[in-house]
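Novice: Provided herewith is a single structure, encoded as structure tokens, for subsequent inquiry.
So, in structure tokens, the structure goes:
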């Protein structure tokens, strides 16, 4: 069951980052590389579960981290720079 949730969450993260549109925002190579790595990692994990079945039991703690990352990515509308931005003023 946890594997199917991980498959869904990783797919959502990957698709949201892949279909992000800059719309005039500044390009930053480091953030772009991080977004690429997040999309590659989550998409690869989702594909490995989808194509070969559950490889092993997905750790519930990793699943919590994936769900939190998914919420953050969707709240930022796929903008990884907004996800990693630290606001020290608040």
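In my numbering, the protein residues as written are 63 to 152. Glycine included, each C-beta is placed from N, C-alpha and C at the ideal position.
Which of the three DSSP states, helix, strand or coil, is assigned to residue 81?
Specialist: Residue 81 falls in the coil class under three-state DSSP.
Novice: Less than 8 Å between the CB atoms is what I'm expecting for residue 132 and residue 79, so what's the real figure, rounded?
Specialist: About 10 Å separates the two Cβ atoms, so there is no contact after all.
Novice: Buried or exposed: residue 111, going by 16 or more other Cβ atoms within 10 Å of its Cβ?
Specialist: buried
Novice: Check each candidate in 149, 104, 93 and name the one with the smallest Cα separation from residue 125.
Specialist: 104
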